[in-house]
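S.K.: At position 155 of the sequence shown the residue is numbered 155 (the UniProt record's numbering), and the sequence of numbers has no breaks.
Cβ coordinates follow ideal geometry from the N, Cα and C atoms, glycine included.
Let me give you the structure first, and then I'll get to my questions.
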Amino acid sequence: MNDSAVIAAPPMDRVLDLFQGIRLTPTQRRIAHSLVQHAASAAYLSAAEVAELAKVSQPSVTRFAMALGYDGYPALRRRLREIAAAGYGRPDLGAPTGNEMQRALRAEADNLDRLAEQLADRDGVTAAGTLLAGSRPLVVLGLRAAAPLAGYFAYFAAKVLPDVRVLDSGGSLLTDRLEQTRAAGASALLAIVLPRYPRESLDALREARAAGMSVVVITDSAVSPAAEYAEIVLPAAVGSQLVFDLHTAPMALSMVLLQAICDAVPADSQRRLEEFEQSAARRQLFIG
């Protein structure tokens, strides 16, 4: 390493690294999620305080630490303190510069860098693309802040798949529409679930799984509450440095996933794209 300064990875990311590749129970996911959400102070919380945050029992916190390979929660807390003090990260020539808006956008660039590194292993996104490509219709769920992203994905997905249905509003009609898509033959659902994790989204995922549908989730971390109901979790960090969250990485991941869908059915995708271009030319839809 050279003598340049080092910017520590964000506390949330360093804590999240502890859980990568480990299969957690729903209760353990709640504990992990609480630690990630309180990453800055997690190293100084007692087992009782973690239990209170996660709304679980104190013995569950002990079992969680042991599931991660530690003798108990005190050993896990020592590890949390070690990584909080480690200060590892990427080299930089000095302290962060610029105003709060510039820093927020630079943090988004870091989120995209981490997503690119994550995609070095393409197995997850490839499996998700294959699963979703085979669903007729393909159901895309996105409520509240995730609704625009669900619509964005579905707009392009409809150019390569014959039937894409967006569920972007809650209420009693959401369950009706979910049941209708299942009756129409849908075998898989793509859910985009972003903080602050709408309760209706989680309820819909639970109902989809109960109905026998496979679920792929794009969410902000591997320990998101939505991960409990998903067969495949595709995480992409959400920027939180401005008044409202930035969803640059989840949007990029949604287009990567659509590429994986196209790769799963290349002949059908190409044919439908050509048909759309011919139709667009005939109707003079675009001027460029």
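Counting Cβ pairs, one atom from each stretch, are 3 or more of them under 8 Å apart for the segment 121 to 132 and the segment 218 to 234?
M.R.: Flag = yes, the segment 121 to 132 and the segment 218 to 234 touch.
S.K.: Is the segment 260 to 276 touching the segment 127 to 135 in the sense that three or more CB pairs, one from each, lie closer than 8 Å?
M.R.: Yes, the segment 127 to 135 touches the segment 260 to 276.
S.K.: By the 10 Å Cβ neighbour count, where 16 or more other Cβ atoms means buried, how is residue 102 classified, buried or exposed?
M.R.: Label assigned to residue 102: exposed.
S.K.: Is it buried or exposed for residue 213, if we count other Cβ within 10 angstroms and need 16 for buried?
M.R.: The residue is buried, with at least 16 neighbouring Cβ atoms inside 10 Å.
S.K.: State the start and end residues of the unbroken alpha helix (DSSP H) segment that holds residue 83.
M.R.: Here the alpha helix (DSSP H) through residue 83 covers 73 to 86.
S.K.: Compute the Euclidean distance between the alpha carbons of residue 42 and residue 156, then round it to the nearest angstrom.
M.R.: Those two C-alpha atoms are separated by around 41 Å.
S.K.: With DSSP as the reference, please indicate the residues paired to residue 127 in a beta bridge.
M.R.: Partner(s): none; residue 127 has no beta bridge.
S.K.: Select from 98, 221, 110 and 247 the residue whose C-alpha is nearest the C-alpha of residue 37.
M.R.: It is 221.
S.K.: Whose C-alpha, out of 248, 66 and 115, is nearest the C-alpha of residue 145?
M.R.: Selected option, being the one with the closest Cα: 248.
S.K.: Quick one: using the 10 Å Cβ neighbour count with 16 as the cut-off for buried, is residue 271 buried or exposed?
M.R.: It is exposed - the Cβ of residue 271 has fewer than 16 other Cβ atoms within 10 Å.
S.K.: Where residue 160 and residue 190 are concerned, what is the direct C-alpha to C-alpha distance, given to the nearest angstrom?
M.R.: The alpha-carbon atoms of residue 160 and residue 190 are separated by roughly 16 Å.
S.K.: For the candidate residues 187, 141 and 186, whose alpha-carbon lies nearest to that of residue 202?
M.R.: Among 187, 141 and 186, the Cα nearest to that of residue 202 is on 141.
S.K.: Between the C-alpha atoms of residue 89 and residue 14, what's the straight-line distance to the nearest angstrom?
M.R.: Here residue 89 scores only 43 on pLDDT, less than 50, and its place in the model should not be relied on; the value that follows carries that caveat. Going from the Cα of residue 89 to the Cα of residue 14 covers about 10 Å.
S.K.: Among the candidates 208, 286 and 153, whose CA atom is the shortest distance from the CA of residue 180?
M.R.: Residue 180 has its Cα closest to that of 208, out of 208, 286 and 153.
S.K.: Within 10 Å of its beta-carbon, does residue 19 have 16 or more other beta-carbons around it, so buried, or fewer, so exposed?
M.R.: Looking at its Cβ environment, which holds 16 or more other Cβ atoms inside 10 Å, residue 19 is buried.
S.K.: If I measure Cβ to Cβ from residue 151 and keep anything under 7 Å in the same chain, skipping five residues before and after, which residues do I get?
M.R.: These residues qualify, in order along the chain: 166 and 168.
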